[in-house]
Amino acid sequence: MKIVVISGVPGTGKTTLANLLSSKLDGMVISLGEFVRERDLGEEWDADRQTLIVDEGRARNALMKEIERLASDITGWLIIEGLFCDVVADAADFAIVLRLHPRELRRRLRERGYGTAKVQENVQAEILGTCTFHMREAIGTGFMDIDTTNLDPSEIVEIILAVLEGRTSSGRHAPGKVNWLQDPGIDPLAHFGTGGSGA
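Numbering of the sequence shown is given in the numbering used here, commencing with residue 68 and proceeding in unit increments.
Dropping the structure here:
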């Protein structure tokens, strides 16, 4: 069994990509959010942030046990997608962080009905590259950091497959290539107040 982990803030396309990749690789998908809820790995509900606070240590332990259990059943790929899947990135054969221009991310999250504070928090996290930072902390620079802004999900899958199959290198999508703080159209300070709209 080989493992791919796909991280990124909400709205970057993790679930869509995981399902498409799974169909191409004849793999199985674990959605970390569902996994955590099904196994009651949350510590508490944060009403202000509209999110479940997760015990990452317990989540990692439970997920590692599940990976071990599945290892005898799956001969192909296991794809794990979720905001904090960097907690098991050290067990993966391949890791990806999906990025999205903050302006497009804001639009998508509003369309999903996210409250202002939750939109703000996730746009801030994307501008700062929080998921990329956590992945780098977990496994160094051996992962793909893909700007998905102008790509269809099928195009992203093809990029990943080309790297997995050795048809191209991941150099174009190395960590650090996406840096919204260097985008002149983004005022990062506008996102750290109460109602910034600078993206």
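All C-beta atoms, glycine included, are put in the ideal place defined by N, C-alpha and C.
Measuring alpha carbon to alpha carbon, tell me which of the options ends up nearest residue i.
i    : options                   : result
L11  : V96, D254 and G207        : Any answer about residue 11 is impossible in this case: the structure gives the chain only from 68 up to 266.
T142 : L87, M95 and E133         : M95
A85  : E110, A162 and D140       : A162
I213 : G233, E232, A205 and P242 : P242
E101 : C152, L88 and L248        : C152
S74  : E148, L248 and S237       : E148
D250 : M131, E193, F200 and N128 : E193
V230 : G209, E135, L218 and H168 : G209
I134 : L99, L108 and T118        : L99
L218 : E171, S236 and D115       : E171
Measure the alpha-carbon distance for residue i versus residue j and round it to whole angstroms.
i    : j    : result
V72  : V103 : 16 Å
T82  : G252 : 28 Å
Y181 : G78  : 10 Å
I216 : R166 : This sequence places Thr at residue 216; Ile is not what is there. C-alpha separation (whole angstroms): 7 Å.
L87  : R173 : 24 Å
D113 : C198 : 20 Å
I97  : G233 : 25 Å
G263 : E178 : For G263, the predicted model reports a pLDDT of 44, less than 50, meaning its position is unreliable; a value from the coordinates is still stated below. Distance between the alpha carbons of G263 and E178 is about 17 Å.
A238 : K244 : According to the sequence as given, residue 238 is Gly; it is not Ala. The straight-line gap from Cα to Cα measures roughly 9 Å.
K132 : P169 : 36 Å
T118 : L150 : 12 Å
L108 : D140 : 24 Å
L248 : Q191 : 11 Å
G80  : F200 : 19 Å
R136 : E204 : 27 Å
Is residue i near residue j, with beta carbons less than 7 Å apart?
i    : j    : result
M211 : H240 : yes
V76  : N246 : no
I206 : A156 : yes
E123 : V154 : yes
E110 : I120 : yes
I70  : D160 : yes
I146 : S90  : no
G68  : A138 : Here the sequence assigns Met to residue 68, which means Gly is not the residue at that position. In this structure, A138 lies closer than 7 Å to M68 by Cβ.
W144 : L92  : yes
Could you check whether the Cβ of residue i sits closer than 7 Å to any Cβ belonging to chain D?
i    : result
F151 : No chain D is part of this structure, which consists of one protein chain only.
Taking contact to mean at least 3 C-beta pairs separated by less than 8 Å, is the region 214-234 in contact with the region 184-198?
Contact between the region 214-234 and the region 184-198 is absent: fewer than 3 CB-CB pairs across the two stretches fall below 8 Å.
Only counting runs of 4 or more residues, tell me where the alpha helix (DSSP H) segments fall wholly within the region 202-242, in order along the chain.
With a minimum length of 4 residues, the continuous alpha helix (DSSP H) runs that stay inside the region 202-242 are 220-231.
Complete alpha helix (DSSP H) runs within the region 146-180 (minimum length 4 residues, chain order):
If we require 4 residues or more, the alpha helix (DSSP H) runs fully inside the region 146-180 come out as 169-178.
With a floor of 4 residues, list each alpha helix (DSSP H) that falls wholly inside the region 82-140, ordered by position along the chain.
Correct list: 99-105 and 123-137.
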